[in-house]
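There are 2 protein chains.
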Amino acid sequence: MTKPVFDTIAIIGVGLIGSSVARAAKEKGGATNVVLWDQNSATLGRAAELGLGKPAASMTAAVADADAVFHCIPVGAIGAAAAACAGAMKPGAILTDVGSVKGNVARDLRAAAPQGVHVIPGHPIAGTENSGPDAGFASLFEGRWCILTPEAGGDADYLAAVDRLAEFWQRLGSRVERMDATRHDLVLAITSHLPHLIAYNIVATAHDMESVTEGEVVKFSAAGFRDFTRIAASDPTMWRDVFLNNREAVIEALGRFEDDLTALRKAIRNGDGDILFDLFTHARGIRRSIIEAGQDTAAPNFGRDTKKT
Amino acid sequence: MTKPVFDTIAIIGVGLIGSSVARAAKEKGGATNVVLWDQNSATLGRAAELGLGKPAASMTAAVADADAVFHCIPVGAIGAAAAACAGAMKPGAILTDVGSVKGNVARDLRAAAPQGVHVIPGHPIAGTENSGPDAGFASLFEGRWCILTPEAGGDADYLAAVDRLAEFWQRLGSRVERMDATRHDLVLAITSHLPHLIAYNIVATAHDMESVTEGEVVKFSAAGFRDFTRIAASDPTMWRDVFLNNREAVIEALGRFEDDLTALRKAIRNGDGDILFDLFTHARGIRRSIIEAGQDTAAPNFGRDTKKT
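In order, the protein sequence lines correspond to chains A and B.
Straight run, no breaks: the first sequence in our numbering ends on number 706.
Straight run, no breaks: the second sequence in our numbering ends on number 706.
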């Protein structure tokens, strides 16, 4: 087997993503040793029980020997966690994360990092609607993009550290993209944050329609609604923090969405079928592009229903 | 094998739903004979080639011997098709459809039906994002609801016809619900029409964000966006007709959605994390109800990604 990319990594937060990084790192040669920490002792205990790595006695103990420290906690909590333990990191080690927002997180990590620690914010575009150490799995990152947002103009040591972290994610099966943090936050506002916001909102709307009982909404959800409830079942703390930490880009994307919706409502009200038909035809083409890019299954209904006969 | 429910049925329109009814009817004892018609001769030829039934020489020929005629075409086209052939139907036969809107369709079917033909509008809550006779399959209706909207106060013959049509759908694996057409249109506006409208809209918004290339939207679509593109890939003609024929209920549901979105945007702008957290936590509960009701898979990511290890 190829030599693991890192000797020792520390995972701070062993939820869905942290536990998947731990599993994948061991299984695919990402790291020889995995040290775990979680502020919730029951979660940490469960992760140890699952054999995901060695539980540390404290957060500072977890990071002390690590060549790379992965903060796998909600983005609103990363700053404080990094501030509390980055001082205990080895010189030359990598300080990274897996958060869905990069601008604010990059700022917080840099503020926390001592001289000689390489701050390289990261974001694997992977996940499910489930949470916790039992929900993770080693193949979660296979074929998925991982975006790194290194700072511009680093020295040779820093660039080598970025290459090494990229190699780690590739070892886990990811394709790696380097991007400016601001651009990341804008792109993800559209491809991820706005869709989640809309999903949360429509679930709330459906629930609040007093004239229709919740029973009926649930009962007939296979008509389309159920698709939205999946992403609306994602971790509430994580998503609260995403919206609070990418406020501007999300509100900008939301404004455009609302403008488009106003135009669409007008077309329906005016009975303008051609506008609707053209828009719907165009949307079909985008779906096709996503399947061709290997970013979703071509199986009807995501392949979830009974099989074709 | 149990005796089929009908001797002969006619399927007008052999797309995803029509071809699935044809397949399921033959395979599961819905009908002994299936007669097919489609205004597109290539589609009709393909359906015959697939062995889905006997292609008719004309629409009136298709319905002449049928005990039940299923209009499986976009809701905006049902009125004209029924008007063109209902006069050729046998007395005592059932005139039904599979459209996603019931109020306007019920009105059109009743206007077209001669004395002695039983009009029973129907809507199987089943489908995929694909279209055409090759996309259909016999198990499409298994475990799915089928809503019938019979008229109130029919005579004994009519009630017997409704029971028979219900039996047909049950034979195909559906659970049958009877409902007033107006209520159907209101419930489906929330569980189906609004979600599709929102999905179409967000796909358009993502495409139009000039500052982000389409390449990036597609590339990073696994972060949430791809979920929306699936239902936005549904048949454009079908959906144009749904919005034009259920205008009032859709605009009512959309208004509520927009009000909720305004409140959500305000919470983000004000940094009110508690409002967000409570809303997101609530949404998770609705997802759970849908899974418990057997209306979606519990597998993470709809089970579409690589398997758990």
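Here a beta-carbon is modelled for each residue, glycine too, at the ideal position from N, C-alpha and C.
### Task
State the start and end residues of the unbroken beta strand (DSSP E) segment that holds Cys482(B).
On the second sequence, position 85 is the one that residue 482(B) refers to. The continuous stretches of beta strand (DSSP E) do not include Cys482(B), which lies in the alpha helix (DSSP H) extending over residues 472-482.
### Query
If you measure from the beta carbon of Gly412(B) to each beta carbon in chain A, is any gap under 8 Å?
If you number the second sequence from 1, residue 412(B) lands on position 15. Gly412(B) is outside the set of residues whose beta carbon lies under 8 Å from a beta carbon in chain A.
### Entirely enclosed beta strand (DSSP E) segments - the stretch 510-567 of chain A, minimum 3 residues
Runs found: 519-521, 542-545.
### Query
Does any CB atom of chain B fall closer than 8 Å to the CB of Ala620(A)?
Taking the first residue of the first sequence as 1, we reach residue 620(A) at position 223. Interface residue, yes.
### Task
Take the Cβ of Lys499(A) as the centre, count every other Cβ of all protein chains shown within 10 Å, and call the residue buried at 16 or more, exposed below.
Taking the first residue of the first sequence as position 1, residue 499(A) is located at position 102. Label assigned to Lys499(A): buried.
### Query
With DSSP run on the structure shown, which of helix, strand or coil describes Lys425(A)?
Here residue 425(A) refers to the residue found at position 28 when the first sequence is read from its first residue. Coil at Lys425(A), not helix or strand.
### Query
Given 8 Å as the limit, is there contact between the stretch 616-630 of chain A and the stretch 589-606 of chain A, that is, 3 or more CB pairs closer than that?
Yes, the stretch 616-630 of chain A touches the stretch 589-606 of chain A.
### Task
Would you verify that the beta carbon of Lys705(A) is, or is not, closer than 8 Å to some beta carbon of chain B?
For this step, residue 705(A) is matched to residue 308 along the first sequence. Low confidence applies here, because Lys705(A) scores a pLDDT of 38, under 50, leaving its location unreliable; read the following figure in that light. At least one CB atom of chain B sits nearer than 8 Å to the CB of Lys705(A).
### Message
I want to know whether the stretch 625-639 of chain A touches the stretch 671-680 of chain B - three or more CB-CB distances under 8 Å.
### Response
Counting Cβ pairs under 8 Å, three or more are found: they touch.
#### Entry: Short-range partners of chain B found in the stretch 592-606 of chain A, where Cβ spacing is below 9 Å
Listed by position along the chain: Pro592, His593, Leu594, Ile595, Ala596, Tyr597, Asn598, Ile599, Val600, Ala601, Thr602, Ala603, His604, Asp605, Met606.
### Query
Which whole-angstrom value describes the C-beta separation of Lys425(B) and Arg568(B), a residue pair presumed to lie in contact below a C-beta threshold of 8 Å?
Mapped onto the second sequence, residue 425(B) falls at position 28. Mapped onto the second sequence, residue 568(B) falls at position 171. The Cβ separation is near 5 Å, so the contact holds.
### Message
I need the DSSP call for Asn430(A), collapsed to helix, strand or coil.
### Response
Stepping through the first sequence from its first residue, residue 430(A) is reached at position 33. Of the three classes helix, strand and coil, the one that applies to Asn430(A) here is strand, per DSSP.
### Query
How is Lys400(B) classed by DSSP in three states: helix, strand or coil?
For this step, residue 400(B) is matched to residue 3 along the second sequence. Residue state, collapsed to three classes: coil.
### Task
Name the residue from Val639(A), Phe654(A), Thr588(A) whose alpha carbon lies nearest to the alpha carbon of Val615(B).
On the second sequence, residue 615(B) is found 218 positions in, with the first residue counted as 1. When C-alpha distances from Val615(B) are compared across Val639(A), Phe654(A), Thr588(A), the shortest belongs to Thr588(A).
### Query
Can we count Ile665(B) as close to the ligand ATP, meaning its CB is less than 7 Å from some heavy atom?
As far as ligands go, the structure on display features none, and thus does not contain the ligand ATP.
### Message
Tell me the DSSP secondary structure of Arg685(B) in three-state form.
### Response
Walking along the second sequence from the start, residue 685(B) turns up at place 288. Secondary structure at Arg685(B): helix, using DSSP grouped into helix, strand and coil.
### Task
Check whether the Cβ atoms of Ile408(A) and Asp464(A) lie closer than 8 Å to each other.
Along the first sequence, read from residue 1 onward, the residue named residue 408(A) stands at position 11. Along the first sequence, read from residue 1 onward, the residue named residue 464(A) stands at position 67. In this structure, Asp464(A) does not lie closer than 8 Å to Ile408(A) by Cβ.
### Message
Quick check: Gly427(A) and Pro452(A), are their CB atoms within less than 8 Å of each other?
### Response
Sequence index remark: in the first sequence, residue 427(A) carries index 30 (1-based). Sequence index remark: in the first sequence, residue 452(A) carries index 55 (1-based). Against a cut-off of 8 Å, the Cβ pair of Pro452(A) and Gly427(A) comes out as no contact.
### Message
If the criterion is Cβ atoms closer than 8 Å, does the pair Gly668(B) and Gly529(B) meet it?
### Response
Reading the second sequence from its first residue, position 271 is the one you call residue 668(B). Reading the second sequence from its first residue, position 132 is the one you call residue 529(B). No, Cβ-Cβ distance for Gly668(B) and Gly529(B) is not below 8 Å.
### Task
Residues of the stretch 454-469 of chain B with a CB closer than 9 Å to any CB of chain A: list them in chain order, please.
The stretch 454-469 of chain B vs chain A, Cβ under 9 Å: nothing.
#### Entry: Status (buried if at least 16 other CB within 10 Å, exposed otherwise) for Ala532(A)
Taking the first sequence and counting its residues from 1, one reaches residue 532(A) at position 135. With 16 or more Cβ atoms within 10 Å of its Cβ, Ala532(A) is classed as buried.
### Task
With distances taken Cα to Cα, identify the nearest neighbour of Ser536(A) among Asp582(A), Asp657(A), Lys423(A), Val431(A).
Counting from 1 along the first sequence, the entry for residue 536(A) is found at position 139. Of Asp582(A), Asp657(A), Lys423(A), Val431(A), the residue nearest in Cα terms is Lys423(A).
### Task
Go ahead and pull the three-state DSSP assignment for Lys705(A).
As a first step, residue 705(A) must be located in the first sequence, where it is residue number 308. Unreliable placement is indicated for Lys705(A), whose pLDDT of 38 sits below 50; the coordinate value is still reported in the next sentence. Three-state DSSP puts Lys705(A) in coil, outside helix and strand.
### Neighbourhood of Trp566(B) by C-beta, 6 Å cutoff - its chain only, sequence neighbours within 5 removed
Mapped onto the second sequence, residue 566(B) falls at position 169. The residues are Cys543, Val573.
### Contacting positions in the stretch 539-551 of chain A - beta carbon closer than 9 Å to chain B
Using a CB distance below 9 Å, the part of the stretch 539-551 of chain A facing chain B consists of Glu539, Gly540, Arg541, Trp542, Ile544, ordered along the chain.
#### Entry: Exposure label - Ile642(A); buried when at least 16 CB within 10 Å
Residue 642(A) sits at position 245 when you count from the first residue of the first sequence. Sequence check: residue 642(A) is Asn here, not Ile. Asn642(A) is buried by the Cβ-count criterion.
### Query
Rounded to a whole number of angstroms, what is the C-alpha to C-alpha distance between Val432(A) and Ile470(A)?
For the purposes of this step, residue 432(A) is taken as the residue at position 35 of the first sequence. For the purposes of this step, residue 470(A) is taken as the residue at position 73 of the first sequence. Their Cα atoms are separated by approximately 15 Å.
### Query
Hey, Thr525(B) and Asn698(A) are a contact pair by Cβ (cut 8 Å); roughly how many whole angstroms apart?
By 1-based counting over the second sequence, the position of residue 525(B) is 128. By 1-based counting over the first sequence, the position of residue 698(A) is 301. About 5 Å separates the two Cβ atoms, so the contact holds.
### Query
Over what stretch of residues does the alpha helix (DSSP H) that includes Asp669(A) continue unbroken?
As a working note, residue 669(A) is residue 272 in the first sequence. Premise fails: Asp669(A) is in no alpha helix (DSSP H) and is neither H nor E.
### Message
Let me see if you follow: with CB-CB separation under 8 Å, is Gly670(B) close to chain A or not?
### Response
Sequence index remark: in the second sequence, residue 670(B) carries index 273 (1-based). Residue-level contact check: Gly670(B) touches chain A, since one or more beta carbons of chain A fall below 8 Å from its beta carbon.
### Per-residue burial, Ser438(B) [other beta carbons within 10 Å of its own, 16 or more giving buried]
Reading the second sequence from its first residue, position 41 is the one you call residue 438(B). When all chains shown are included, Ser438(B) counts as exposed.
### Query
Using the C-alpha atoms, what's the distance from His468(B) back to Ala421(B)?
Along the second sequence, one-based indexing puts residue 421(B) at 24. Along the second sequence, one-based indexing puts residue 468(B) at 71. Roughly 16 Å between the two C-alpha positions.
### Glu613(A), buried or exposed, once every other Cβ within 10 Å from all chains shown has been counted against 16
Mapped onto the first sequence, residue 613(A) falls at position 216. Answer is buried; the Cβ neighbour count reaches 16.
### Message
Just to confirm, is the Cβ distance from Gly384(B) to Leu545(B) under 8 Å?
### Response
Residue 384(B) lies beyond the residue range present for chain B, which begins at 398 and ends at 706; the question has no answer from this structure.
### Message
I'd like the ranges of any alpha helix (DSSP H) spanning at least 4 consecutive residues and lying wholly in the stretch 560-628 of chain A.
### Response
Taking only runs of at least 4 residues, the alpha helix (DSSP H) segments lying wholly in the stretch 560-628 of chain A are 578-585, 591-605, 611-616, 622-628.
### Query
Across which residues does DSSP place Lys451(A) in a beta bridge pair?
Along the first sequence, read from residue 1 onward, the residue named residue 451(A) stands at position 54. Beta-bridge pairing links Lys451(A) to Val432(A).
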